[in-house]
Amino acid sequence: MQNIYLPPLTKVNKYLIGIIVASFLISAVFAQFLNISLVNTLGLNVSALKAGLIYKLFTYPFVNTGLFNVVFTGLLFWFLGSDLEMRWGAKRYLQYLVIAALVNAFAYTIFALFMGGATINYPFHGMAFLSSAMCVSYACIYPDRIFQFFMIIPVKAKYFCLILAGMNVYQGFFTPGGAQAFANIASMIFGAVFVLGFRALGHYVRSQGSRIATKQGGKSTSKKKKSHLRLVDDEERPNPDEPRFWQ
Numbered sequence: 004m005q006n007i008y009l010p011p012l013t014k015v016n017k018y019l020i021g022i023i024v025a026s027f028l029i030s031a032v033f034a035q036f037l038n039i040s041l042v043n044t045l046g047l048n049v050s051a052l053k054a055g056l057i058y059k060l061f062t063y064p065f066v067n068t069g070l071f072n073v074v075f076t077g078l079l080f081w082f083l084g085s086d087l088e089m090r091w092g093a094k095r096y097l098q099y100l101v102i103a104a105l106v107n108a109f110a111y112t113i114f115a116l117f118m119g120g121a122t123i124n125y126p127f128h129g130m131a132f133l134s135s136a137m138c139v140s141y142a143c144i145y146p147d148r149i150f151q152f153f154m155i156i157p158v159k160a161k162y163f164c165l166i167l168a169g170m171n172v173y174q175g176f177f178t179p180g181g182a183q184a185f186a187n188i189a190s191m192i193f194g195a196v197f198v199l200g201f202r203a204l205g206h207y208v209r210s211q212g213s214r215i216a217t218k219q220g221g222k223s224t225s226k227k228k229k230s231h232l233r234l235v236d237d238e239e240r241p242n243p244d245e246p247r248f249w250q
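Numbering-wise, the sequence shown is residues 4 to 250 according to this note's numbering.
Now the structure itself:
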């Protein structure tokens with residue numbers, strides 16, 4: 004029988020889920036009772052940027068619509084984001100989210116400009132793009148953990164990401180929301196670069212430390228001090244006691 008792995012909901016992700024739910028409710032209330040569209044007001048589109056509304060580069064994630072998107076994104080923040088936050092710490096995890104949001108915004112703007120047409124005026128919004136980045140980052144760290152594709156088919160995380168990338172490529176070329184799909188691919192690339200970059204940096208720092216230690220030899224063995232630094236390189240170590248199934 005497969006173990007179902009549910010990480011504890013971490014502090015940052017708890018706030019993020021609260022923001023998603025609150026923004027969903029506020030958007031619905033404003034649209035229904037005040038006839039005000041927060042999607043048009045805060046969503047990101049090329050026309051608004053040309054008009055100088057640069058603030059939309061930062062406000063678009065805070066407008067969430069669609070019950071399914073809200074539930075799905077919230078669950079991913081819990082299941083994937085909590086593991087990433089526990090591994091990286093809150094500060095680095097927040098940096099990751101902010102950079103991912105900016106990468107997605109710039110990628111969407113570039114692809115919308117390239118595609119033209121109605122895409123220029125479409126207000127891009129929501130935090131769903133983070134699910135693409137988090138899936139890839141998670142798969143880079145835990146490639147052999149099992150996802151339940153469509154809640155039925157068990158798929159390793161690394162293969163799940165390939166399926167997700169393929170779906171985005173198809174949507175990019177053959178659906179009206181091509182700019183969003185290609186922006187999601189940019190987020191996936193960022194998710195991989197962020198993890199693999201820190202991993203490469205970790206290997207480099209350790210190799211340099213080994214070289215210095217080799218050169219110094221045993222000259223300063225009596226004066227060694229305990230290091231208070233801990234380098235997280237995002238490379239999973241085998242652990243037979245750790246759950247390998249995520250659902």
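Glycine residues also receive a C-beta, built at the ideal position from the N, C-alpha and C atoms.
As the structure is a prediction and not an experimental result, all values here were calculated from the model.
Secondary structure of residue i, DSSP reduced to three states
{"i": "leucine 47", "result": "strand"}
{"i": "arginine 247", "result": "Interpretation of arginine 247 is limited by its pLDDT of 46, a score under 50 that renders its predicted location unreliable; the figure taken from the coordinates is listed afterwards. Reduced to three states, the DSSP call for arginine 247 is coil."}
{"i": "threonine 68", "result": "coil"}
{"i": "leucine 52", "result": "helix"}
{"i": "isoleucine 39", "result": "coil"}
{"i": "threonine 76", "result": "helix"}
{"i": "leucine 9", "result": "coil"}
{"i": "glycine 212", "result": "helix"}
{"i": "threonine 217", "result": "helix"}
{"i": "valine 122", "result": "The question names valine, but residue 122 in the sequence shown is threonine. Helix, per DSSP."}
{"i": "glycine 84", "result": "helix"}
{"i": "glycine 180", "result": "coil"}
Extent of the continuous alpha helix (DSSP H) to which residue i belongs
{"i": "isoleucine 102", "result": "93-118"}
{"i": "glycine 21", "result": "14-32"}
{"i": "tyrosine 141", "result": "132-144"}
{"i": "phenylalanine 61", "result": "59-62"}
DSSP beta-bridge partners of residue i
{"i": "phenylalanine 127", "result": "Leu47"}
{"i": "phenylalanine 150", "result": "Val158"}
Residue i and residue j closer than 7 Å at C-beta
{"i": "threonine 62", "j": "serine 30", "result": "no"}
{"i": "serine 50", "j": "asparagine 124", "result": "yes"}
{"i": "phenylalanine 80", "j": "asparagine 171", "result": "no"}
{"i": "alanine 103", "j": "serine 190", "result": "yes"}
{"i": "valine 106", "j": "phenylalanine 193", "result": "yes"}
{"i": "lysine 59", "j": "leucine 70", "result": "no"}
{"i": "leucine 167", "j": "serine 85", "result": "no"}
{"i": "glutamate 88", "j": "tyrosine 96", "result": "yes"}
7 Å Cβ shell around residue i - same chain, five flanking residues per side excluded
{"i": "isoleucine 22", "result": "Phe65"}
{"i": "glutamine 183", "result": "Tyr111 and Phe127"}
{"i": "alanine 186", "result": "Asn107, Ala110, Tyr111, Phe114 and Phe132"}
{"i": "glycine 180", "result": "Gln174"}
{"i": "alanine 136", "result": "Ala103, Ser190, Met191, Phe193 and Gly194"}
{"i": "valine 198", "result": "Ser140, Cys143, Ile144 and Asp237"}
{"i": "lysine 14", "result": "Ala93"}
Cβ neighbours of residue i in the same chain (closer than 6 Å, five flanking residues each side left out)
{"i": "alanine 131", "result": "Asn72 and Thr76"}
{"i": "isoleucine 20", "result": "Gly77 and Phe80"}
{"i": "leucine 83", "result": "Met137 and Tyr141"}
{"i": "asparagine 43", "result": "Pro126"}
{"i": "isoleucine 188", "result": "Asn171"}
{"i": "cysteine 164", "result": "Cys138, Val139 and Ala142"}
Contact test: residue i Cβ vs the ligand NAP heavy atom, cutoff 6 Å
{"i": "threonine 62", "result": "Looking at this structure, you won't find the ligand NAP or any other ligand, since it has none at all."}
Residues near residue i by beta carbon distance below 8 Å, same chain, minus five either side
{"i": "alanine 160", "result": "Cys138, Tyr141, Ala142, Tyr145, Pro146, Asp147, Arg148, Ile149, Phe150 and Trp249"}
{"i": "leucine 116", "result": "Val49 and Ile123"}
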